[in-house]
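2 protein chains.
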Amino acid sequence: MAEQLPEYRVPLKDMQFLLNEMSDDQGTDGVTNEDLFFILEQAARFAEEELVPINQDGDTNGCVFDNGKVTLPAKLRDAFRTYAEGGWMGLSMPEQFGGQGLPERLSTLVGEILTSANHSFSMTPALTMSASRAIIGHGSDELKETYLEKLLTGTWTGTMCLTEAHCGSDLGLIRTSAEEVSESVYRIKGNKIFISSGQHDAADNIVHLVLARLKDAPKGIKGLSLFLVPAKLKNKAGVWNKKNEVHCIGIEEKMGMHANPTCSMSFEGAEGYLIGKPNRGINAMFTMMNEMRLGASLQGIGLSERSFQKSLQYAVERTQMRSLGGVKAPEKEADPIIVHPDVRRMLLTQKVLAEGGRAMAQFCADLLDESHKPGADKERVELLGLLTPIAKGFLTDTGLASADLAIQMYGGHGFIKETGAEQLFRDGRASTLYEGTTGIQALDLLGRKVLANQGKSLLSFTKLMHVLSKKTSSEKLGDLADTLSGYSKEWPQLAKQVGSKAIGDFEEVGAASYDFLMYSGYVSLAYFWLKMANVAQELLDGTRHPNGETFDRDFLDAKVKNARFYFERILPRARAHKEMMLAGKASIMDITESQLIG
Amino acid sequence: MAEQLPEYRVPLKDMQFLLNEMSDDQGTDGVTNEDLFFILEQAARFAEEELVPINQDGDTNGCVFDNGKVTLPAKLRDAFRTYAEGGWMGLSMPEQFGGQGLPERLSTLVGEILTSANHSFSMTPALTMSASRAIIGHGSDELKETYLEKLLTGTWTGTMCLTEAHCGSDLGLIRTSAEEVSESVYRIKGNKIFISSGQHDAADNIVHLVLARLKDAPKGIKGLSLFLVPAKLKNKAGVWNKKNEVHCIGIEEKMGMHANPTCSMSFEGAEGYLIGKPNRGINAMFTMMNEMRLGASLQGIGLSERSFQKSLQYAVERTQMRSLGGVKAPEKEADPIIVHPDVRRMLLTQKVLAEGGRAMAQFCADLLDESHKPGADKERVELLGLLTPIAKGFLTDTGLASADLAIQMYGGHGFIKETGAEQLFRDGRASTLYEGTTGIQALDLLGRKVLANQGKSLLSFTKLMHVLSKKTSSEKLGDLADTLSGYSKEWPQLAKQVGSKAIGDFEEVGAASYDFLMYSGYVSLAYFWLKMANVAQELLDGTRHPNGETFDRDFLDAKVKNARFYFERILPRARAHKEMMLAGKASIMDITESQLIG
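Residue numbers (this note's numbering), protein chains in the order written: chain S, 1 to 598; chain V, 1001 to 1598.
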């Protein structure tokens, strides 16, 4: 038995299993799974060798703000340059703009790896790619030509400037203003907060995408326009070194993610360029936002995986008490704690959340690739729309639960900075807050993606669940298939029940939304777990031919066992959420504000 | 509507409700509830004026370790002296030793107030009182005479020295040694870690209670003895300024609780005195430990209360989006977020956990008073034994959930240190780790307090549930009474089911223990909520005469409504825990260690 496990090693075998056996997309434009896996191995090496070792240093030393300049921890800055120069930034971005044109399921895995290895590091690449997506989707040819290659190569980086001190979830309140000074050139004025990577010393220029309001624009969300505002402009000689009126006026002291600067930005009549149409900024922003939400869901998965490995490392090393089933390590004064059932319960919880979430993310990645193609199937695009708030809301929530379990696994040592367990939680804590809080995801899911859509997308997913439960042939998985089949009927029924209450009383949507989201998350993951268990069981039984690499029986058998753990030990939480969502709004809304204040 | 709520104000009305209407003990030794409430108001003023304002400063500045000396944040040190000199330390300790002899239900409320106001501050008083309890229960007359008055007046403070680097939960592994040098004098050698308040500059002397092993003592837990080891000894002139060989060799960098030093202590042949009998240290330690566990449960309650108030303050101030039920604050650009159902769900969750937990703690406090009396009823003592791991495990777990919700309520601002929401979580995070992790509480509950006791104590509690559900007369509460009645039957049945599986396979106990603990917690709080709602409803209906102060109808009505929220929106979680505990050990234990490692 290996006693010293690494701090984090990329779960390559599980990733290969998903690439080879779980995707319908087996070879895009001549790129084989072997090609993808080869690239993945390089990403793994980079993460393990360059990012993991500097993670704690970044937490301790953090970013420094001095006189308008932000300095990253030097090791992290160097790692970013290595990453960008290695050509990693634009992995799944279109080749015509300087990307690598590889499928999303590869960049999704790489995204997870980065966040597992070093949450702070992962922020700048993710934001830069989201900003690029908005430019690709809505920018003029000139903007594309001028900015995309620099962004996709990481020479420059990007940001999203939405939040202001008085508005976060409610973007309709944005006050930052834009005034046209000449055709396609605007002056941007206003203050933005919580701008991740808003200023730093790892790139030559920073391209801000800023939501602002044109003079005389309508009030609210329909009066917002999106602008591209570079920190540096081109001077007359064609050199990008002319300072724009974009200033970082401070960085936040945060709970975690110390190595990524969260900047307060002041736009003081900065030169900017319209992206898309006037007053339609929110549309362009939503393109970006949805990809960012999927990106944040990877942080949840990465957090569960890293927390699992962090816990596992300790569970095999730390000896404490004897097994309830009899002495396991007679040569030691106590058994390693991995023998204790409650320790295993925690480990397996983290593991099934990580692997189930990863399978879900791979499914979303394939849908994302489809949605980027011209003439994409509407049903598939809407299915992605349904899964996006579930992935973001549920996987970040459970990712934090995994990180919290890592602290718990370490006992008192989990509270000590040196062990690194508590950093995982602190770094990950923002993932349920930014890109729309869990509450916002829940409203988006139930209100927009389910009820406003008459449950159509939900039915297209529950149909997949139903089909999977029918085609589950192994007797070993029969009871799980029955359970999934039950949920495939119950889920849309619950939506209907809540929906009929909500007719004429939208507060019923708000009162049910969080529990509906969590229910949806647990049930979705049950689908992906049964799907994995099915494939694994077929490979074990020899009724399925592997698409490439043959997986060892231990790995496949673990998949089947872990699916059972998920169904028996995690999925029952959906029962509680069902009961709570059906309770209705009365017990929440009947109490008056003054009774709450007391 | 008050828009600026205080950071924290002591929930005096709720506390008065519990003192007057929920306790069977209405007047101990001539001390009336008015007397208790008067004292409580003084404690509230101290907490609000002295402890709340210095809480953030303590986090920022922390403790300093320099050359063996630990310096507390100066404001906290001064506050401790004020507290001690105000006579607060020995509130419920026996008068004969210098305490005030007041009932536990008062000191329990004060304990909660301290932890709500300033978690770091609350540590030293709590530890000092637990150490004192062990001396009272097991020390010689000479030890009592020499140390208790100093401790109960806070002139000196106390610690518990259990943990060593290689042993936390498993105290049987303790290596610190003790050698008798003369009658009743021993030399203590060894290293202890995680010693809260092990060194500081707020008291003249520190009295360590140290678990150590006598020469030739049996292996394991039955070879441990407890020693009293003062940091300073009396010199020949009778002055306590002779240094003992007790050294602080460092303090931990922690996730939170920065204003309380967590010390590594080195005992280098220090002079110590046996408490109780040789090799019976664990008995004395358990006296102390059980009281510490109840003390830690107060931290969970305090955390829920403080998190509720922190969230409430923001929910009435922060405006964001319009109510789903129509505009509520037309004069503002958006409605205060307290109008949103999901925000209320979070607020009410924190509120019912705090108030339900407080009622449970009051019940335990009365049992504790009874248990301190000679000839205490065995059934009542065992009932306290049953409730102790539930209170510790469940209330700290849910306290952290409340603190996590506070971060969530603040959205992105919750991640920023300045707002103070994240500090609550960081400070509270140790509460599920020390004094026995949640997993240890769960094993203690299911293994020792339920199964080893043939469910007797559990039945004495479910009998109370049954009686309460029968005597619930108001139609308004009829459905809640039925629900509670169902749980009063189900709970012992579940214990029986798990117990029969566990015959011959103790791992079944470990596999079910955590879910059994959480189930027990949710069900216990349902009892206390129905009990409060019953009293409130009777007072509203005029069928009950108040024991003192008349409570306003809004307060009583809120109690009834909150009980319903608890039953509809929190208690269903017990359903999930039931299903998970009955799943058995297979899906946890079938997977091999090498499959977990992958």
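Note that CB positions come from ideal geometry on N, CA and C, so glycine has one too.
C-beta atoms of residue i and residue j nearer than 8 Å
i               : j               : result
residue 185(S)  : residue 253(S)  : no
residue 1564(V) : residue 587(S)  : yes
residue 80(S)   : residue 202(S)  : yes
residue 246(S)  : residue 231(S)  : yes
residue 1390(V) : residue 1494(V) : no
residue 273(S)  : residue 1342(V) : no
residue 1233(V) : residue 1135(V) : no
residue 1480(V) : residue 1363(V) : no
residue 1414(V) : residue 1422(V) : yes
Inter-residue spacing [alpha-carbon to alpha-carbon] between residue i and residue j
i               : j               : result
residue 285(S)  : residue 241(S)  : 28 Å
residue 140(S)  : residue 519(S)  : 42 Å
residue 41(S)   : residue 1500(V) : 50 Å
residue 1400(V) : residue 402(S)  : 14 Å
residue 137(S)  : residue 150(S)  : 17 Å
residue 1358(V) : residue 1507(V) : 34 Å
residue 1571(V) : residue 1526(V) : 7 Å
residue 1160(V) : residue 1218(V) : 22 Å
residue 1444(V) : residue 1120(V) : 27 Å
residue 54(S)   : residue 311(S)  : 20 Å
residue 1301(V) : residue 1103(V) : 19 Å
residue 1297(V) : residue 1452(V) : 24 Å
residue 1574(V) : residue 1392(V) : 18 Å
residue 1449(V) : residue 126(S)  : 51 Å
residue 1456(V) : residue 1592(V) : 37 Å
residue 1436(V) : residue 385(S)  : 45 Å
residue 441(S)  : residue 553(S)  : 39 Å
residue 454(S)  : residue 523(S)  : 19 Å
residue 1512(V) : residue 1497(V) : 11 Å
residue 1044(V) : residue 1288(V) : 27 Å
Coarse secondary structure for residue i, derived from DSSP in three states
i               : result
residue 1239(V) : coil
residue 1517(V) : helix
residue 1052(V) : helix
residue 391(S)  : helix
residue 1505(V) : coil
residue 1244(V) : coil
residue 1327(V) : coil
residue 111(S)  : helix
residue 1154(V) : coil
residue 1125(V) : helix
residue 205(S)  : strand
residue 435(S)  : coil
residue 234(S)  : coil
residue 105(S)  : helix
Residue-chain proximity (residue i, chain B), Cβ-Cβ < 8 Å
i               : result
residue 1448(V) : Given the protein chain composition of this structure (S and V), no chain B is represented.
Cβ separation of residue i and residue j, assumed to be a contact under 8 Å, to the nearest whole Å
i               : j               : result
residue 168(S)  : residue 1412(V) : 6 Å
residue 249(S)  : residue 213(S)  : Residue 249(S) to residue 213(S), Cβ: 21 Å. No contact.
residue 60(S)   : residue 89(S)   : Not confirmed; about 27 Å, so no contact.
residue 379(S)  : residue 460(S)  : 6 Å
residue 1190(V) : residue 1225(V) : That belief does not hold up - the Cβ atoms of residue 1190(V) and residue 1225(V) are roughly 13 Å apart, past 8 Å.
residue 397(S)  : residue 349(S)  : Not confirmed; about 13 Å, so no contact.
residue 361(S)  : residue 108(S)  : 5 Å
Relative to chain S, which residues along the region 1466-1480 of chain V have a C-beta separation below 7 Å, given in chain order?
none
Pull out every residue of the region 527-554 of chain S whose Cβ sits closer than 9 Å to any Cβ of chain V, in chain order.
554
Taking only beta carbons into account, state which residues of the region 118-151 of chain S come closer than 7 Å to chain V, listed in chain order.
none
Residues of the region 1355-1376 of chain V with a CB closer than 9 Å to any CB of chain S: list them in chain order, please.
none
Listed in chain order, which residues of the region 9-43 of chain S have Cβ atoms closer than 8 Å to some Cβ of chain V?
11, 13 and 14
Proximal residues, the region 328-344 of chain S versus chain V, C-beta separation under 9 Å
333, 334, 336, 337, 338, 339, 340, 341, 342, 343 and 344
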